[in-house]
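*Asks:* For the sequence shown, UniProt numbering assigns the number 246 to the last residue and increments by one with no breaks. Don't be surprised by glycine CBs; every beta carbon is placed ideally from N, CA and C. Source: prediction; values computed, not measured. Here's a structure for you.
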Amino acid sequence: VMSRRAFIVGNWKMNGLGPAGAEIDAISAGAPDGPELLICAPATLIHRLSRRGVAIGGQDCHPKSSGAHTGDISAEMLADAGATAVIVGHSERRADHGETDETVAAKAQAARRAGLTAIICVGETEVERDSGAALDVVARQLDGSVPADASAANTVIAYEPVWAIGTGRTPNAAQIGEVHGVIRDWLKARFGAESDTIRILYGGSMKPANAAEILAIADVDGGLIGGASLKASDFLGIAAQA
Ligand code: PEP
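What follows is the structure in structure tokens.
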């Protein structure tokens with residue numbers, strides 16, 4: 005089994021104004037040697053925060069490269085602003101904007117077209133977890149959300165149980181390991197030997213206090229961190245354990 009470099013990704017969501025530059029500078033100054041770090045900032049900040057020592061990503065993109073889509077931002081625009089990656093299919097976008105697996109796949113395809121890493125999010129709701137459907141839901145989301153022409157090199161998967169996002173609750177280690185194992189098997193079936201290079205991130209209420217335990221689980225190759233990425237000290241506290 006080849007070893008994958010840990011990937012610690014922050015998702016700032018709709019947070020961040022001018023002073024965010026200081027957080028990026030603090031993350032850059034305190035970055036540990038091991039893991040790869042990325043902050044997915046609001047689109048308005050990407051240009052300002054890029055080239056300051058921390059890789060910057062977007063949180064969404066439109067499937068098309070340009071055109072009559074008022075208010076939307078293309079993957080090419082994110083790359084032009086200095087982004088190296090983009091989150092697609094976050095559960096907040098699936099819920100708030102009605103994004104389907106098909107939409108997410110088109111966005112992941114756009115990311116590849118623009119030379120960005122696509123961080124494709126999947127994860128079950130609480131009702132789905134309680135009814136025993138979590139593994140089926142994740143497999144179905146992978147089937148639909150990972151585009152047919154995805155490359156191992158531009159693909160990252162984030163397992164984010166919806167009920168764990170922003171709630172302070174997390175699955176237990178066995179539950180996380182079970183889902184990550186299913187995702188790893190799915191990637192192997194889709195990408196063959198190349199799948200060994202694809203990172204699978206866990207996301208949902210990760211913080212410095214639970215990061216070590218979560219990051220030690222087999223097939224957890226890093227984290228996608230919302231709330232605890234807003235303060236450099238919390239984000240670095242997680243990264244230091246990767
Ligand atoms: C997220 O929304 O990607 C996330 C993991 O949020 P939080 O860490 O706040 O649960």
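Using a Cβ-Cβ cutoff of less than 6 Å, which residues in the same chain neighbour residue 57 once the five nearest sequence positions on both sides are dropped?
*Replies:* Walking along the sequence shown from the start, residue 57 turns up at place 53. Once the five neighbours on either side are set aside, the close Cβ partners of residue 57 are 32.
*Asks:* Between residue 86 and residue 119, what straight-line distance do the alpha-carbon atoms span, to the nearest angstrom?
*Replies:* Locating residue 86 in the sequence shown gives position 82, where the first residue counts as 1. Locating residue 119 in the sequence shown gives position 115, where the first residue counts as 1. The alpha-carbon atoms of residue 86 and residue 119 are separated by roughly 11 Å.
*Asks:* Let me confirm a value: residue 232 is counted as buried when at least 16 other C-beta atoms fall within 10 Å, else exposed. Which label applies?
*Replies:* If you number the sequence shown from 1, residue 232 lands on position 228. It is buried - the Cβ of residue 232 has at least 16 other Cβ atoms within 10 Å.
*Asks:* May I ask you to check if the CB of residue 15 is nearer than 6 Å to at least one heavy atom of the ligand PEP?
*Replies:* For this step, residue 15 is matched to residue 11 along the sequence shown. True, at least one ligand heavy atom lies under 6 Å from that Cβ.
*Asks:* Under 8 Å Cβ to Cβ from residue 36, same chain only, skipping five residues before and after it: list those, please.
*Replies:* Sequence index remark: in the sequence shown, residue 36 carries index 32 (1-based). Here the set comprises 240, 243, 244 and 246.
*Asks:* To the nearest angstrom, how far is it from the Cα of residue 5 to the Cα of residue 227?
*Replies:* Your numbering for residue 5 matches position 1 in the sequence shown. Your numbering for residue 227 matches position 223 in the sequence shown. With a pLDDT of 46 at residue 5, under the threshold of 50, the modelled position of this residue cannot be trusted; read the value that follows with caution. Their backbone Cα atoms lie some 20 Å apart in a straight line.
*Asks:* Please give the ranges of any alpha helix (DSSP H) in the segment 199-240, keeping only runs that are unbroken, at least 4 residues long and fully inside the region.
*Replies:* Taking only runs of at least 4 residues, the alpha helix (DSSP H) segments lying wholly in the segment 199-240 are 212-219.
*Asks:* Residue 80 to residue 122, Cα distance in whole Å?
*Replies:* Mapped onto the sequence shown, residue 80 falls at position 76. Mapped onto the sequence shown, residue 122 falls at position 118. Cα to Cα, residue 80 sits roughly 13 Å from residue 122.
*Asks:* Applying the 10 Å Cβ sphere with the 16-neighbour rule, what's the burial state of residue 21?
*Replies:* Here residue 21 refers to the residue found at position 17 of the sequence shown. Exposed, because fewer than 16 other Cβ atoms sit within 10 Å of the Cβ of residue 21.
*Asks:* For residue 229 versus residue 14, is the C-beta distance shorter than 7 Å?
*Replies:* On the sequence shown, position 225 is the one that residue 229 refers to. On the sequence shown, position 10 is the one that residue 14 refers to. Against a cut-off of 7 Å, the Cβ pair of residue 14 and residue 229 comes out as a contact.
*Asks:* Let me make sure I understand the geometry here. Which of 235, 211, 144 and 198 has the alpha-carbon closest to that of residue 7?
*Replies:* On the sequence shown, residue 7 is found 3 positions in, with the first residue counted as 1. Looking at the Cα atoms, 198 is the closest of the given residues.
*Asks:* What distance in whole Å lies between the Cβ atoms of residue 203 and residue 160, which are believed to be in contact at a cut-off of 8 Å?
*Replies:* Residue numbering aside, residue 160 sits at position 156 when the sequence shown is read from its first letter. Residue numbering aside, residue 203 sits at position 199 when the sequence shown is read from its first letter. Between residue 203 and residue 160 the Cβ distance is about 5 Å, and since that is below 8 Å, they are a contact.
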